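Numbering (the UniProt record's numbering), first residue to last: 1 to 121.
C-beta: ideal position from N, C-alpha, C; glycine also.
Predicted model, so just to flag it, every value in this text is computed and none were measured.
Encoded as structure tokens, the structure appears first; notes follow it.
The structure is reproduced here in structure tokens:
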């Protein structure tokens, strides 16, 4: 954590929605936020609406797979989602490497305090 690569670690239970934790994850100086489909609708929530942050949230697959595959709308949306996924992969890969090196591939404890402590120490 001293390197500045990771700004904040926040552990939650599996039944807590990702979109409810955005206020704890952002520090306020962000220009753009890239997130997966679990954060859909977060830009409309209180505290985030009307901000100057550019929200790049991946669309749920069902929003564009229902379209005909030869339509221009489908091809355009598919291309946009591919660009979002490529950006997300560049960010997610270092986290996977760090988790594997530290040995945090699986959760071993049932207590959130212990799991978060294992991640941060």
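Counting only beta-carbon atoms, is residue i nearer than 8 Å to chain C?
i: residue 15; result: The structure shown contains no chain C; it holds only a single protein chain.
Take residue i and list the residues in its own chain whose beta-carbon comes closer than 6 Å to its own, dropping the five residues that flank it on each side.
i: residue 84; result: 56 and 58
i: residue 1; result: Here the model assigns residue 1 a pLDDT of 46, short of 50, so the residue's position is not dependable, and the following value carries that caveat. Within the same chain, residue 1 has no close Cβ partners at all.
Please state if the CB of residue j and the CB of residue i are separated by a distance shorter than 8 Å.
i: residue 88; j: residue 36; result: yes
Nearest to residue i by alpha carbon, out of the options?
i: residue 43; options: 65, 20 and 81; result: 20
May I ask you to check if the CB of residue i is nearer than 7 Å to at least one heavy atom of the ligand SAH?
i: residue 10; result: With respect to small molecules bound, the structure shown includes none, and the ligand SAH cannot be examined in it.
Assuming the contact rule is C-beta atoms closer than 8 Å, residue i and residue j should be a hit. Round their C-beta distance to whole Å, please.
i: residue 38; j: residue 116; result: Wrong, their Cβ atoms sit about 19 Å apart, outside the cutoff.
i: residue 41; j: residue 23; result: Not confirmed; about 14 Å, so no contact.
i: residue 53; j: residue 32; result: 7 Å
i: residue 97; j: residue 34; result: 19 Å between Cβ atoms; not a contact.
i: residue 112; j: residue 13; result: 6 Å
Using a Cβ-Cβ cut-off of 7 Å (strictly less than) and excluding sequence neighbours within five positions of residue i, which residues of its own chain qualify?
i: residue 60; result: 37 and 40
Below 8 Å CB to CB, which residues in the same chain sit around residue i once its five sequence neighbours on both sides are set aside?
i: residue 78; result: 64
Review point. Which full runs of the alpha helix (DSSP H) of 4+ residues lie inside the stretch 33-65, going along the chain?
Key: Within the stretch 33-65, the complete alpha helix (DSSP H) runs of at least 4 residues are 62-65.
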